[in-house]
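Please read the structure below before turning to the comments.
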Amino acid sequence: MGARAVNDRQAARRREATPASIPAVRKGDALDVSELPSYGFAHRSLMWWGNAGMMTIEGVAFGFMVVIYFYLRDIARVWPDAGSPPDLLWGTVNLGVILASAVPNYLAQKAAQDRSLPRVRTWLYVCSLFGIALSVVRWFEFTALNVRWDDGAYGSVVWVLLGFHSFNLVTDVLDTFVLTAVTYSKPVEGKRFVDIAENCGYWYFVVLTWIPIYAVIYFGARV
Amino acid sequence: MSSRFLELERARLLAVVAVVAAATGACQRETRDFLPPKPGAVVAGAASAAASQAEIANAAAMVGRYEHNAYGTSAGKRLWTWYNCSGCHGAGGGGGSGPALIDDVWIYGGDAGTVYQTIAYGRPNGMPAFGSRIPKDQIWQLAAYVRSMAGLASADAAPNRDDAFLTRTPESFLDPQKPETVKPSAAGGRPQ
Amino acid sequence: MNGIHDALAPAGPQALALFHLWNAMLVVCTVVFALTMAALAIALWRAPRATERASADLDAQPRKEAALRRSVVWGIAGSSVLLLVLLFASFYADRALSALPLADAVHIDLVGHRFWWEAHYEPHDPEQTFATANELHVPVGRPVLIRLRADDVIHSFWVPSLSGKKDLIPGRESTIAVRADRVGTYRGQCAEFCGYQHAQMALVVVAETPERYERWRSLQREPAHAPSDAQQARGRELVEQTSCAMCHAIVGTRAGGRRAPDLTHVAGRGWLGAGAVANTPKLRAEWIANAQKFKPGVDMPPIDVAADDLAAISAYLGSLE
Amino acid sequence: MESVGALPSRPRPRKRARTRSAAAAHRPMVRDGDGPGSRAAEELERTWQEKPGLVGWLSINNHKTLGLRFVVTAFFFAGLAGVMGGLMRHQLATANSHLLGPDFYNQLFSMHGTTMMFLFAVPVMQGFALYIVPLMIGTRNTAFPRMSACAYWLYLFGGLLLFGAFATNTGPDAGWFEYVPLAGPQYGIGKRADFWNMLVTYSEAMGLMVAVDITTTILKLRAPGMSLRQMPLFVWASLVTSVMIIFAMPLVMLGANLVQFDRMLGTHFFNPAEGGDALLWQHLFWFFGHPEVYFIFIPALGFVSAIIPTFARRPMFGHDAIVLSLVTTGFLSFGLWVHHMFATNLPELGKSFFTAMSFMIAIPTALQIFCWIATIAGGRLVMRTPFLFVLGFFFVLMIGGLTGIMLGSVPLDLQVHDTYFVVAHLHYVLIGGAVFPLFAALYYWFPKVTGKQLGETLGKWHFWLFFIGVNLTFFPLHILGLEGMPRRIYTYGAETGWEPLSMVSAVGQVINDVSTLIFAINLIRTVFFKKERASADPWGAGTLEWSVASPPPRCNFFALPVVSSREPLWAPPAEVTHVQGLSAQIREGLTTTVIDALPDTRYAYPEPEIWPFVAALSVTIWLVWSVWSVPGFVWGLIPPALAFLLWYWPNKKEAKEELRWEREP
């Protein structure tokens, strides 16, 4: 990979990322768009905007779940009002694994942007394995919460907060499985690489939302 | 062609039957008839247990009706707290000086008529006769609630938890107990 | 349950402050409404008519646009100033509400139940306290500090002629200070939807001279009158032995239920069932026999009792002045 | 259901080639760009034609059909809720009337409120946006048409389930906002509150899906040249509404789920004895509740801003001022929610902050009203029915807005909160602020949607009777509220003195019914019996939707327009007028950059599929199953998972066809 090939690829990637990079040609009183690309990555694709909407919706839901956590904590005389704070082990393991899962996710996204099917398929497998590992760790996390959901307001809000993130985690892991399977269905059109890239974008959201939720669940009852 | 038509016809028939069943089920569960069928009678004094069979049969029918009516069982739960039944039967019916009501052991039997009789005419060893103090309609509601405490009533009409300190799993969360597994207590009628 | 029930007929300092605020708001808003409608009417009157086929004039005449822009700017400036005026009027009235002097206030504990009001006077002084329901007597001129708690769902204490409303929320405790400056009966009603009979959960505040109030208070602290004739004695016996005693309490008898209004001085109250039915002998008997007929959904069950027993009970309760 | 849509004017569906890929393999690649009647136009007609049969009808994802379905279904639900309103007015007309029992009356007003807010107001506004926005910004379909199709089916199933519950005596009975202790586990007896929580989940999911669809369409699919400053005002209103929906609706979905967890799983979010709080629900609901009423109000402002320029024969005065007002109203509406909770025991200083906010939000609306009046003053007026309804809007909304300011003040709200004064205010603001502009929009865009114009004389009768009926019905309620009549009472004693004014209000209600009847006659007469067809631009308006035929062809534009001014049809013809080169053999459109709308990529709209309908059906199975059994909440997730998997699985035929037109970025 000579230096020239590398910066050719970088120039191509930069062109792909900037909107309206290929201008429409004016022909008489019309604007000819037949030369324009039929798909684009990141915010050039409509899927990115749909994902942004979905992330905003879930971000608002997570945000208000955290607000409810501190609302209930504020009106409680003693917090946690039932049971003891959750053990730190499984939560921290989950944090570690979920942060580590960002790496194969990044590589899968880059492979999708390069539109090389084999690399995409390998990194999607790695992401799926991380997803399975995270789901198993999450199962143990629920057992280590030291409180039942009907033990009191504390138990309820901790279970629901962890439950919402788990629902989010599991749906996106299933998404990754589906995307891995879809790579086998021929013919592979360009748009599908965009879908894979956007799903990796959504996985960043799952990773990033876990950090504040982890802090709230595990240290909200301690600090 | 005709078989497909028949199949379509049968599917449509099934759908209608399902909707009607859901409707009647929902209707019975959700009715709020504040005026009871017959104003509750103050049962005359300490009439002996040999009250007329007709009255017991009617009571069983009324208790059975209230068990499928959400308003009836929730009124029963309100009366359970108002009339301080938990004083003897324990906070969630778990048992105290009186026998526990949420297990499947029934000293005198768990069917509707018997529970009504227990409340109206009382039992030896401590259960007072409430017949003269609680109107009949409320006794039916109380009996319906007591049966739902042990899971004998239908779960979707059983009351939910109270906005109070949680003392037991709410009645509507119990998986229904089969009436025939209702075991009378071993000894001759003595409360454990 | 009758009595003055009108936010525009204030009988206390707080309702008066709100009445003034209402008048101020009404005047300002009517002026703004009239001005805007006038502007619209003038615009409609002066603007020439056209048809759909008339071509749209894109080149805005500068002189006319400038005039329109000036009037819009004046409109916005004017309404912002008026809004500020109303804002300060609102803050001023709000301060007036909470500036009620609370020296030697009458303390009442008011608990909202589904479809009636339970009141305990002077709850912190065991020797002075007594329970009553649905009708509060207050001395004129003296502040009344009411502690509001709800037992089941959210209710709202509101006597429009005295003051604004305050919600009774289960699990939370709120207080409202009220003062009546004129003798009279002031009607109030639950203002937060609370179930089947939210419509008939009224209460009355009877403002009377301090002497009459003291007489009423001392009467309320006495136990129930003994029955004066055989029928009333029969009535008392029935009340104690049948279902009345399970929920109602009559101080001085064996009836001690806490779940329903205290009947020790029920005859002194003008209405039964929180405003559902007037407290006349005939209606009282009908109410006892079948309360669901007047107030369907109330927690009082109909009882099947012989006519003479019913008359006895009604007579006995009628004697409890 | 789609009686209005299925019009005699629709072209007879021609037989499609048996397999598209076989036919496509040797077919020459035809591109669009020529006007109607050309070969490309004929090819476009074939590409955008719907599939035949019931499966085809269920899988339609064209924004015009979806918008029409939303509006027709919303008006159907509004009719039912209107009948309930009439019943309640009739019950309250006389004192001590026992025509309706308390339980049925509680269900009536809860269903009236829930249906009008969740099943009529928001869906009808989103239906109009779905229909009009793509036409106004010059594109062929919305960005995610299948998601909007799924949203419609969710909306339909949710509404039918709620009315099915109401028919079996299981309608909600604790008001349209179901305060918690009354709708909680102990006092919310039976399954009534469960169905309400489920309906909220349905209608909010629908609202969110359509909102994301409209936001993406407006930001990414505008015609080249339509920069943000050139965007019509109705499109701005739809954008502000959709962004507000995305930030507000998740909250009530979360809240309704928390109440459902309290009822089904025994959690303690709202149980004061175990650490919960009853006020938490009010905070959650009203933080969404107030933006909710602005989702209904801001699109109506968009309608008015679209109609006034046409009937004043001039561009809107203060276009940028109105855009800024819309955006400011959108932001401020999130800071007002505690003015619904002034009577609770929240701290006084906090409440006075919300008084200041409630007053402040009146300024942007006042600015818009002044700008409209200035436009009317500076224009030449065409007094047709849509304009009459806009004038009615001014009168009724002003009264509603001013009583709103009165309600915003803490002390005064303590006197009038939860009384008939509030009922009068909300009806003035909702009927004045939403229903009057809605009728104006209906009369305005009716020729575009159906190809026939609604009768003018009947229209004027409808307006005047509706105007008199609304004022006669709801103005007396202000006075009743001040005389102490609380909200939601099924009867009242004769001694309260509320009877005469209630009787006047009942009379007004009858006039309202007559006006609605006249509107229905006008509708039926026009759709089924009127022969003459409306032209493409019957009102001489300026925006893009009037440049296409009435009703518009399935692909909207045979050649996408290029825009150079705010009123393209009024502006002198520019040098570059249209776009050419998009495929005519697959459903293709053009995405443009967000700020300046420069052409960016070609975008293949999804083909109609049955999966949105199947997905909505599977979500219905999950939600109904979860009402009856807790495991149903978990196992019920399998049908939707399968449905969405099949929906996403690529269709080989379409992939091959789109591969022919693909170009690398």
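Protein chains in written order, with the numbering used here: chain A, 568 to 790; chain B, 517 to 708; chain C, 5 to 325; chain D, 4 to 668. Beta carbons are placed, not taken as given, at the ideal position from N, Cα and C, and that holds for glycine. The structure displayed is predicted, hence computed values, not measured ones.
**OP:** Using the Cα positions of Cys-1/C and Phe-119/C, report the straight-line distance between them to the nearest angstrom.
**Re:** Because residue 1/C is not part of the residues shown, which for chain C are 5 to 325, the question remains open.
Original post:
What separation, rounded to the nearest whole angstrom, lies between the Cα atoms of Leu-620/D and Arg-195/D?
Top reply: 22 Å
Original post:
Between the stretch 354-374 of chain D and the stretch 333-342 of chain D, do three or more beta carbon pairs fall short of 8 Å?
Top reply: yes
Subject >> Limits of the unbroken alpha helix (DSSP H) element including Leu-746/A >> reply: 720-749
Subject >> With 16 other Cβ atoms within 10 Å as the buried cut-off, status of Pro-66/C >> reply: exposed
**OP:** Identify each residue in the stretch 640-660 of chain B for which the Cβ-Cβ distance to at least one residue of chain C is less than 7 Å, and report them in chain order.
**Re:** Listed in chain order, the positions of the stretch 640-660 of chain B with a beta carbon within less than 7 Å of a beta carbon of chain C are Ser-648, Arg-649, Ile-650, Pro-651, Asp-653, Gln-654.
**OP:** Just the C-alpha distance for Phe-306/D and Leu-441/D, rounded to the nearest angstrom, thanks.
**Re:** 7 Å
Subject >> Closest Cα partner of Phe-298/C within the set Met-139/D, Lys-223/D, His-101/D >> reply: Checked all of Met-139/D, Lys-223/D, His-101/D; the closest Cα to Phe-298/C is His-101/D.
Original post:
Out of curiosity, what's the CA-to-CA distance linking Leu-152/C and Pro-275/D?
Top reply: 16 Å
Subject >> Reduced DSSP secondary structure (H/G/I, E/B, other) of Ser-613/B >> reply: coil
**OP:** Could you tell me whether the Cβ of Phe-550/B comes closer than 7 Å to any Cβ of chain C?
**Re:** yes
Subject >> Residues that DSSP places opposite Gln-583/D in a beta bridge >> reply: BP columns for Gln-583/D point to Asp-599/A.
Subject >> Proximity of Val-32/C and Leu-90/C at Cβ, strictly below 7 Å >> reply: In this structure, Leu-90/C lies closer than 7 Å to Val-32/C by Cβ.
Original post:
In chain order, what residues of the same chain have a beta carbon less than 8 Å from the beta carbon of Thr-580/D, not counting five sequence neighbours either side?
Top reply: Within the same chain, Pro-564, Val-565 come within 8 Å of Thr-580/D by CB-CB distance, once the 5 residues on both sides are set aside.
Original post:
On the three-pair Cβ rule with 8 Å, is the stretch 397-412 of chain D touching the stretch 144-161 of chain C?
Top reply: no
Original post:
chain C partners of Trp-573/D, CB-CB under 7 Å?
Top reply: Ala-60, Leu-62
Original post:
Since Trp-120/C sits in a beta bridge, which residues does DSSP pair it with?
Top reply: When DSSP reads this structure, Trp-120/C sits in a beta bridge with His-117/C.
**OP:** With DSSP as the reference, label Ala-654/B as helix, strand or coil.
**Re:** According to the sequence shown, residue 654/B is Gln rather than Ala. Of the three classes helix, strand and coil, the one that applies to Gln-654/B here is helix, per DSSP.
Original post:
According to the neighbour-count rule (16 or more other Cβ atoms, all chains shown, within 10 Å of its Cβ), is Ala-570/A buried or exposed?
Top reply: Ala-570/A sits exposed, since fewer than 16 C-beta atoms from the chains shown fall within 10 Å of its C-beta.
**OP:** Mind reading off the beta-carbon distance from Ile-364/D to Leu-391/D? Whole number of angstroms is fine, and I expect it under 8 Å.
**Re:** Contact flag wrong, Cβ pair sits at about 28 Å.
Original post:
In three-state DSSP terms, what is Ile-598/D?
Top reply: coil
Original post:
What's the call for Gln-577/A, buried or exposed, on a 16-neighbour Cβ count within 10 Å?
Top reply: With fewer than 16 Cβ atoms within 10 Å of its Cβ, Gln-577/A is classed as exposed.
Subject >> Range of the contiguous beta strand (DSSP E) that encloses Arg-593/A >> reply: 592-594
Original post:
Do Thr-368/D and Ala-315/D have their CB atoms nearer than 7 Å?
Top reply: Against a cut-off of 7 Å, the Cβ pair of Ala-315/D and Thr-368/D comes out as no contact.
**OP:** Please go through the stretch 328-380 of chain D and give each complete beta strand (DSSP E) segment of 3 or more residues, from N-terminal end onward.
**Re:** Fully enclosed beta strand (DSSP E) runs of 3 or longer: not present.
**OP:** Determine, using beta-carbon pairs with one atom in the stretch 196-214 of chain C and one in the stretch 290-306 of chain C, whether at least three such pairs fall under 8 Å.
**Re:** yes
**OP:** Can you give me, in chain order, the residues of the stretch 262-288 of chain D that have a beta carbon less than 9 Å from any beta carbon in chain B?
**Re:** Asp-265, Arg-266, Met-267, Leu-268, Gly-269, His-271, Phe-273, Asn-274, Pro-275, Ala-276, Glu-277, Gly-279, Ala-281
**OP:** Starting from Gln-52/D, follow the beta strand (DSSP E) in both directions and report where the run begins and ends.
**Re:** It is not in any beta strand (DSSP E) - Gln-52/D carries neither H nor E in the DSSP assignment.
Original post:
Would Leu-25/C pass as a contact of Ala-103/C if the rule is Cβ separation under 7 Å?
Top reply: no
Original post:
Since Pro-17/C and Gln-418/D are thought to touch, with beta carbons under 8 Å apart, how far apart are those beta carbons, to the nearest angstrom?
Top reply: About 14 Å; that fails the 8 Å criterion.
**OP:** Alpha carbon to alpha carbon, how far is Met-91/D from Ser-508/D? Give it in angstroms, no decimals.
**Re:** 11 Å
Subject >> Close Cβ partners of Ser-230/D (< 8 Å) along its chain, the five nearest in sequence each way excluded >> reply: Ile-598, Asp-599, Ala-600
Original post:
With a Cβ-Cβ cutoff of 7 Å, do Tyr-190/C and Gly-7/C count as a contact?
Top reply: yes
Original post:
Under 7 Å between C-beta atoms, does Thr-358/D make it to chain C?
Top reply: yes
Subject >> Of the residues Pro-227/D, Val-203/D, Ala-240/D, the one placed nearest Asn-260/D, counting alpha carbons only >> reply: Relative to Asn-260/D, the option among Pro-227/D, Val-203/D, Ala-240/D whose CA is nearest is Val-203/D.
**OP:** Could you work out which residues of chain D lie near Asp-648/A, taking near to mean beta carbons separated by less than 7 Å?
**Re:** Gly-278
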